[in-house]
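First the structure, in the form of structure tokens, and then the observations on it.
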Amino acid sequence: MNIHKTTRGFAFIEILLVIVVISAVVGVGLFVVNKKDSADTKSNNSKAVTSKESESAEARIKHLGVNLDYYDEETNKAGDFEFTKQKIEFSRLFFEYGFTVPANSVGPEKKNPQPTFILPLGSKVYSLVDGEVFDVPKLYSNDYSVQVQGENSDLIFETEHVINVLVKKGDKVKAGDVIAEVSDYDAKNYAGLGLVEIGILKGGNPPSHVCPFDYLDASIKDETLKKISALQKSWEEYLGDDSIYNEDVYMPGCVISDSIEG
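Here this note's numbering is used: the first residue of the sequence shown is 2, the next is one more, and so on.
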């Protein structure tokens with residue numbers, strides 16, 4: 002009788018030990034799973050934060066590329082822009098992104114892929130963004146394009162049709178650094194004035210262009226758009242023709258919001 006009780010006692014202890022072992026194993030398993038889930042959550046959160054930081058850090062235009070200010074009747078200038086009564090092609094000192102260029106002997110009708118500024122020869126051209134000079138190709142027009150890849154961005158920010166270039170491929174630049182002068186290309190059609198175009202290139206071959214004023218940094222956006230609108234209005238008042246620019250557009254400086262290939 003005592004032997005049976007002892008045996009039952011040992012059996013009971015063994016069962017308790019088995020239960021304890023199983024509980025321990027399950028507990029360890031749950032701990033490992035929870036730890037892994039916690040690690041995965043932290044990893045995902047980290048990736049999300051990194052992604053957001055990358056997006057917010059994407060390069061933005063911090064300089065218009067040219068010196069634009071409000072029109073001064075005494076100097077007859079708006080920054081470096083010089084008002085003149087001489088005949089200028091399309092009667093414009095500024096061509097918006099998306100402006101319709103009529104068909105001519107050179108080619109069919111097209112949309113202007115890059116805002117174009119008409120300024121006196123010798124006017125300085127400035128880097129649009131902080132970044133590294135990606136390339137400085139010579140163009141068909143016997144002038145150059147300075148292409149800067151913005152920091153933390155795959156976008157290429159371009160100032161096209163420039164001469165007397167001061168930078169080379171691989172140089173680091175800051176927005177507002179002088180990098181060249183406006184080109185004398187096509188000066189015969191602009192009363193001896195020069196020109197420069199600014200733009201943003203996005204992937205592909207050929208690449209597509211986008212409205213650059215959508216990429217203005219918050220620090221200059223409002224004032225820059227006001228100055229563009231003021232330039233257009235002052236120019237129309239100067240010429241006595243309020244039909245040159247259409248104010249009912251996507252935004253000042255951009256007639257459309259769509260990307261343009263080429």
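For each residue, glycine too, the CB sits at the ideal point set by N, CA and C.
{"Query": "CA nearest to the CA of residue 91, picked from 252, 65, 119", "Result": "119"}
{"Query": "Contact under 9 Å by Cβ, residue 66 with residue 212", "Result": "no"}
{"Query": "Distance, residue 200 Cα to residue 76 Cα", "Result": "29 Å"}
{"Query": "Nearest residue (CA-CA) to residue 271, options 235, 123, 147", "Result": "Not covered by the structure: residue 271. The range shown for the chain is 2 to 263."}
{"Query": "Sequence-distant residues of its chain with Cβ nearer than 8 Å to residue 142 (five each side left out)", "Result": "162, 184, 186, 187"}
{"Query": "Whole-angstrom C-beta distance between residue 69 and residue 240, which should lie under 8 Å", "Result": "Contact doesn't hold; Cβ gap of about 18 Å is too wide."}
{"Query": "Short Cβ contact (9 Å threshold) for residue 59 with residue 156", "Result": "yes"}
{"Query": "Classification of residue 101 by the beta-carbon crowding that lies within 10 angstroms, buried from 16 upward", "Result": "exposed"}
{"Query": "Paired residues, beta bridge with residue 181 - DSSP", "Result": "126"}
{"Query": "Three-state secondary structure (DSSP) of residue 170", "Result": "coil"}
{"Query": "Beta-carbon spacing of residue 87, residue 198 below 9 Å", "Result": "no"}
{"Query": "Beta-carbon spacing of residue 130, residue 64 below 9 Å", "Result": "yes"}
{"Query": "Cα-Cα separation, residue 173 to residue 150", "Result": "10 Å"}
{"Query": "Which of helix, strand or coil DSSP assigns to residue 150", "Result": "strand"}
{"Query": "Residues near residue 137 in its chain [Cβ-Cβ closer than 8 Å; skip 5 each side]", "Result": "145, 146, 147, 148, 166, 168, 169, 170"}
{"Query": "Burial state of residue 203 (16 or more Cβ within 10 Å)", "Result": "exposed"}
{"Query": "Residue range of the unbroken alpha helix (DSSP H) whose run includes residue 225", "Result": "222-240"}
{"Query": "Cβ neighbours of residue 263 in the same chain (closer than 7 Å, five flanking residues each side left out)", "Result": "114, 207"}
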